[in-house]
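Colleague: So that we are looking at the same thing, I have put the structure below in structure tokens.
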Amino acid sequence: MPIDASAAQNNRVLKLGMVGGGKDAFIGAVHRIAARLDGRYDLVAGALSSNPDKAKASGAELGLDPDRNYGSFEEMAAAEAARPDGIDAVAIVTPNHVHYPAAKAFLEHGIHVICDKPLTSTLDDAKKLQAVAKQSSAMFFLTHNYTGYPMVRQAREMVHAGQIGKIRVIQVEYPQDWLTVEETNKQAAWRTDPARSGAGGSTGDIGTHAFNLAGFVSGLKLESLSADIQSFVPGRQVDDNAHVMLRYEGGARGLLWCSQVAPGNENSLKLRVYGETGGLEWRQEDPNYLKFTPFGEPCQIITRGGAGMNASVAGTTRIPPGHPEGYLEGFANLYSEIADVISLDKAGESHPHLIPTIEDGLAGVAFINACVTSSKSNAAWVEMG
248 MPIDASAAQN
258 NRVLKLGMVG
268 GGKDAFIGAV
278 HRIAARLDGR
288 YDLVAGALSS
298 NPDKAKASGA
308 ELGLDPDRNY
318 GSFEEMAAAE
328 AARPDGIDAV
338 AIVTPNHVHY
348 PAAKAFLEHG
358 IHVICDKPLT
368 STLDDAKKLQ
378 AVAKQSSAMF
388 FLTHNYTGYP
398 MVRQAREMVH
408 AGQIGKIRVI
418 QVEYPQDWLT
428 VEETNKQAAW
438 RTDPARSGAG
448 GSTGDIGTHA
458 FNLAGFVSGL
468 KLESLSADIQ
478 SFVPGRQVDD
488 NAHVMLRYEG
498 GARGLLWCSQ
508 VAPGNENSLK
518 LRVYGETGGL
528 EWRQEDPNYL
538 KFTPFGEPCQ
548 IITRGGAGMN
558 ASVAGTTRIP
568 PGHPEGYLEG
578 FANLYSEIAD
588 VISLDKAGES
598 HPHLIPTIED
608 GLAGVAFINA
618 CVTSSKSNAA
628 WVEMG
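Going by my numbering, 365 is the number at position 118 of the sequence shown; the sequence numbering is gapless.
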């Protein structure tokens, strides 16, 4: 949804390109739906696979013009930058190891980048990409989609308004069970291959979401961590489970658990934040409700679109309370807000604080790196820097 009424004058439909997201890909279809949901983008170009033949076939299935259905992202970046009707932005939805070279190519051609998380597969690439972004005339956006959920933003607003007092404890967990045994499908193959996923398995795939969510809601910076990570499935080269203790600025303490080998858990992201005067709890699998418990008082349930929801958050919800709204709409909120920013930037407006940036992405990759480093040293405390 638009982040400001003034965006209406710049409410044009943006021309979108996509790198990755072809046949058999999961996240590419999610990004395409999200981009279409509020009518802010038109997908006009793509390099939808690292395999040129598959890329062309995937683009043809989506109805792309053959002249804008590319065999590689390098070809696409150069050609679209040279066109008078070239794309305004590109969505990068590839395996992690392609994020850096693809984002670099488009930023260097002055094309705005919307990139799936994590930022890159290595910390060195993350730092290099940050440097490229600083030199580019284009903007970079990261799709940590859970930051787009209305009740996550409600929790953030309540924390920042002091409704639970100074934060003492943060607990966040993200267990799944789909990698409990070795899988052979495409999604599992690249996520468990360190050459494509990076050093982190569950820490990179879902741990970064948990880490980002805790920081987004609390507003606190992580100072150090102690991680115990495992690869329980025999032969697996990346972690599939992690327990991480967290020390935040100001004295708050946290605990993060991420796992992809926890039978009975599908996508069970949960966040609990406790302050001096109250606590908040949110669950991704029941995302339209936020528990708020002032100390010594009964628990309150704040509903999406219902009484008690902050006016500043109301614009991120599309349908009446009681109707399920969540994953796709969270992505769509980010896409529509990014469309506003791209349009408003042309009028000299600045970047809003709610959309994840390249700095958030760098922090996520640093989190993965610190977890791996800590665990290799018997869960030694590692400074985030």
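Every residue, glycine too, gets a C-beta built ideally from N, C-alpha and C.
1) Does the distance from the CB of T341 to the CB of V419 come in under 8 Å?
2) Quick one: give me the first and last residue of the beta strand (DSSP E) that S296 is part of.
3) Does DSSP classify Q410 as helix, strand or coil?
4) Per DSSP, what are the beta-bridge partners of K198 in this structure?
5) Would a C-beta distance cut-off of 8 Å place G448 and D487 closer than the cut-off?
6) Measure the alpha-carbon distance for R232 versus E532 and round it to whole angstroms.
7) Tell me the rounded alpha-carbon separation between A525 and I411.
8) In whole angstroms, what is the alpha-carbon distance linking V345 and I334?
9) Expressed to the nearest angstrom, what Euclidean distance is found between the alpha-carbon atoms of D300 and T367?
10) Between the Cα of A272 and those of A626, P422 and A436, spot the shortest distance and give me the residue it belongs to.
11) Buried or exposed, going by whether 16 or more other CB atoms sit within 10 Å of the CB of S624?
12) What are the uninterrupted segments assigned as alpha helix (DSSP H) that are 4 or more residues long and contained completely in the stretch 324-390, given in chain order?
13) Please return the same chain residues whose Cβ sits closer than 7 Å to the Cβ of G577, not counting the five positions on each side in sequence.
14) Are there three or more Cβ pairs, one per stretch, closer than 8 Å when the stretch 549-563 is compared with the stretch 417-433?
15) Find the nearest neighbour of R330 within the set G306, H356, L309 and A350, judged by alpha-carbon distance.
16) Can you list, in chain order, the residues of its chain whose CB lies under 7 Å from that of E327, leaving out five sequence neighbours each side?
17) Where does K364 land, buried or exposed, given buried means 16+ other C-beta within 10 angstroms?
18) Counting only runs that start and end within the stretch 532-589, where is the beta strand (DSSP E) found for 3 or more residues in a row?
19) Between the alpha carbons of A380 and A281, how many angstroms are there, rounded?
20) Examine the Cβ distances between the stretch 487-500 and the stretch 446-463 and report whether three or more of them are shorter than 8 Å.
21) Could you give the first and the last residue of the continuous alpha helix (DSSP H) run that contains V485?
22) Note down the Cα distance separating A626 from D475, rounded to an integer number of angstroms.
23) Is Y288 buried or exposed, if buried means 16 or more other CB atoms sit within 10 Å of its CB?
24) Taking the alpha-carbon of R519 as reference, which of Y317, G269, V399 and N298 has the nearest alpha-carbon?
25) Tell me whether I361 is buried or exposed, calling it buried when 16 or more other Cβ atoms sit within 10 Å of its Cβ.
26) I need the DSSP call for G462, collapsed to helix, strand or coil.
27) Tell me which residue opens and which closes the alpha helix (DSSP H) that L609 is part of.
28) By the 10 Å Cβ neighbour count, where 16 or more other Cβ atoms means buried, how is D314 classified, buried or exposed?
29) P571: buried (16+ other C-beta within 10 angstroms of its C-beta) or exposed?
30) Alpha carbon to alpha carbon, how far is Q423 from Q507? Give it in angstroms, no decimals.
31) What are the boundary residues of the alpha helix (DSSP H) that includes L284?
32) Hey, could you find the ends of the alpha helix (DSSP H) K433 is sitting in?
33) The beta strand (DSSP E) that contains A474, what's its start and end?
34) So, with DSSP's three-state summary, where would you put R494?
35) Rank Y582, K374 and G501 by C-alpha distance to the C-alpha of I238 and give the top, closest one.
Modeller: For this structure:
1) no
2) Looking at the DSSP string, S296 is not in any beta strand (DSSP E), and its letter there is neither H nor E.
3) The answer is coil: DSSP assigns Q410 none of H, G, I, E or B.
4) In the structure as shown, the chain starts at 248 and stops at 632, and residue 198 therefore has no counterpart that could be examined.
5) yes
6) Since the first and last residues shown for the chain are 248 and 632, residue 232 lies out of range.
7) Reading off the sequence, residue 525 comes out as Gly, not Ala. Computed Cα separation, rounded: 4 Å.
8) So the alpha carbons of these two residues sit roughly 20 Å apart.
9) 25 Å
10) A436
11) exposed
12) 346-355 and 370-382
13) N392, Y393, G395 and Y396
14) The stretch 549-563, when compared against the stretch 417-433, does not touch it at the 8 Å Cβ threshold.
15) Ranking the options by Cα distance to R330, first place goes to H356.
16) G264, A292, G333, I334 and I358
17) buried
18) 536-541 and 547-550
19) 24 Å
20) yes
21) V485 -> no alpha helix (DSSP H), and no H or E assigned at all.
22) 5 Å
23) buried
24) V399
25) The C-beta of I361 has 16 or more other C-beta atoms within 10 Å across all chains shown, which makes the residue buried.
26) helix
27) For L609, the enclosing alpha helix (DSSP H) has its first and last residue at I605 to K623.
28) The C-beta of D314 has fewer than 16 other C-beta atoms within 10 Å across all chains shown, which makes the residue exposed.
29) P571 should be labelled exposed.
30) Taking the straight line joining both Cα atoms gives about 4 Å.
31) It spans I274 to L284 - the alpha helix (DSSP H) in which L284 sits, taken as one unbroken run.
32) That run of the alpha helix (DSSP H) goes K433 to R438.
33) L469 to Q477
34) strand
35) Here the chain has residues from 248 to 632 only, and residue 238 is not among them.
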